[in-house]
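Oh and the sequence shown: position 26 is 19 in my numbering, straight run, nothing missing. Note that the Cβ used here is the ideal one computed from N, Cα and C, for glycine as well. Structure first, commentary second.
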Amino acid sequence: MPRQTSPPLGRNGKPADIAKIVAFLLSPEAAFITGASLVPDGGYSGVDYYMKEEDQSLG
């Protein structure tokens, strides 16, 4: 089965994308965040590619 080569957001992540997340988590704006998992993967974890391929094959 062919896999999608780019993330659902349409581009690969850059170091600056991760740096912005780190800067936010270190800022006072993130003071109320505890025990959260942030997954900077461009949307990969939110897509079930096998289900998407089945859906497309059904037409």
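Run through DSSP, which three-state label would residue i get?
{"i": "V32", "result": "coil"}
{"i": "V40", "result": "coil"}
{"i": "A24", "result": "coil"}
{"i": "S(-1)", "result": "coil"}
In the DSSP assignment, find the unbroken alpha helix (DSSP H) run with residue i in it and report its ends.
{"i": "F17", "result": "P8 to L19"}
Around the C-beta of residue i, are 16 or more other C-beta atoms found within 10 angstroms, so that it is buried, or is it exposed?
{"i": "A16", "result": "exposed"}
{"i": "A12", "result": "exposed"}
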